[in-house]
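Asks: Residues 87 to 288 (this note's numbering) make up the sequence shown, in order. We put the CB at the ideal spot given by N, CA and C, even for glycine.
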Amino acid sequence: MDPIPFFTVSNASDIPDLFNILITQGSKECLAEAQDLVKKLKETKNQHDAEFGNIDILYNRKLMISLINNFKSISSFIKSSNCSTSIFIKYFLDGAVFIGDQIYGEAFICLSEEDLEPKFTDCANSMVPKDSEVLDYLKPVSFCVASKIQCSKEDQKALIVAVHAGVDLFEMFSNGKEILEKIEKNQMKLEFQPEKYAHLLS
87 MDPIPFFTVS NASDIPDLFN ILITQGSKEC LAEAQDLVKK LKETKNQHDA EFGNIDILYN
147 RKLMISLINN FKSISSFIKS SNCSTSIFIK YFLDGAVFIG DQIYGEAFIC LSEEDLEPKF
207 TDCANSMVPK DSEVLDYLKP VSFCVASKIQ CSKEDQKALI VAVHAGVDLF EMFSNGKEIL
267 EKIEKNQMKL EFQPEKYAHL LS
């Protein structure tokens, strides 16, 4: 069975490394706070590797929900921080939890039975212009994929929402340094907003 596409949280070991590159500046207090959060993420990574390191967990709903709950717990430590890196980490974790809830909630029962990767490939081949980045077209491609799966409208929506949120998280992280600067200058308030995706496939 082909794995569910990349927008799922599939490798906990990637998460600490993603944020380490952002912890380069800020006050002593903020750096300490960010490093503490990364420490918690590393503890999650080590626990994950020790217990499930040799297991393909993408289709193990119980294990993925456990990982999602770990992210949720770490996010809950970030209350009203004024530190840009902590705000950014919370945004990412809340987004990852949201995506995980879409894929590993009720929709998982049907989505896990679908051969999604060939459907993504077929839709991308027909919709993405030559020499273009697939990521730029992944949101519309998700509607195409959803139309090809034998799942309920609610499950189709969960897939579409997960893809849209995943693309948004990727784009936000790609502009991480710029986003951090805007937060520090009070030019931007960053908070993950699940309601942003409520209208999709309504």
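Taking residue 197 as the reference, which of 128, 275, 244 and 230 has the closest Cα?
Replies: Minimum Cα distance to residue 197 is reached at 244.
Asks: Would you mind stating whether residue 276 and residue 239 have Cβ atoms separated by less than 8 Å?
Replies: No, the pair does not count as a contact, with Cβ atoms beyond the cut-off.
Asks: Let's test the definition: count the other Cβ atoms within 10 Å of the Cβ of residue 250 and tell me whether it reaches 16, buried, or not, exposed.
Replies: buried
Asks: Under a three-way DSSP split, which group does residue 196 fall into?
Replies: In the structure shown, residue 196 falls within a helical segment according to DSSP collapsed to helix, strand and coil.
Asks: Have a look at 183, 248 and 168 and flag the residue whose alpha-carbon is nearest the alpha-carbon of residue 274.
Replies: 168
Asks: Please report the Cβ distance between residue 161 and residue 119, rounded to the nearest whole angstrom; I am assuming they are in contact, meaning their Cβ atoms lie under 8 Å.
Replies: Contact flag wrong, Cβ pair sits at about 14 Å.
Asks: Please state whether DSSP places residue 283 in a helix, a strand or coil.
Replies: Residue state, collapsed to three classes: helix.
Asks: Provide the residue span of the alpha helix (DSSP H) that contains residue 190, from first to last.
Replies: 170-190
Asks: Around the C-beta of residue 98, are 16 or more other C-beta atoms found within 10 angstroms, so that it is buried, or is it exposed?
Replies: Reliability of the predicted coordinates at residue 98 is poor, the pLDDT of 45 falling under 50, and the value obtained from them is presented with this limitation in mind. Residue 98 should be labelled buried.
Asks: Would you identify the three-state DSSP class for residue 214, choosing helix, strand or coil?
Replies: coil
Asks: Among residues of its own chain, excluding the 5 on either side of residue 155, which ones have a beta-carbon nearer than 8 Å to its beta-carbon?
Replies: Scanning its chain for C-beta atoms nearer than 8 Å, with the 5 sequence neighbours on each side dropped, one finds no residue around residue 155.
Asks: I think residue 214 touches residue 223, with their Cβ atoms under 8 Å apart; what is that distance to the nearest whole Å?
Replies: 5 Å
Asks: Taking residue 151 as the reference, which of 176, 129, 165 and 192 has the closest Cα?
Replies: Of 176, 129, 165 and 192, the residue nearest in Cα terms is 192.
Asks: Kindly indicate which three-state DSSP category residue 237 falls into: helix, strand or coil?
Replies: coil
Asks: Taking just the CA atoms, how far does residue 217 sit from residue 242?
Replies: Approximately 29 Å between the Cα atoms of the pair.
Asks: The alpha helix (DSSP H) that contains residue 153, what's its start and end?
Replies: 147-162
Asks: Distance check for residue 114 and residue 248, CA to CA, integer angstroms please.
Replies: 36 Å
Asks: Going by the beta-carbon positions, is the gap between residue 259 and residue 178 smaller than 8 Å?
Replies: yes
Asks: Leaving aside the five residues before and after residue 268 along the sequence, list all residues of the same chain whose C-beta is less than 6 Å from its C-beta, in chain order.
Replies: 274
Asks: Check whether the Cβ atoms of residue 159 and residue 266 lie closer than 8 Å to each other.
Replies: no
Asks: What's the call for residue 135, buried or exposed, on a 16-neighbour Cβ count within 10 Å?
Replies: exposed
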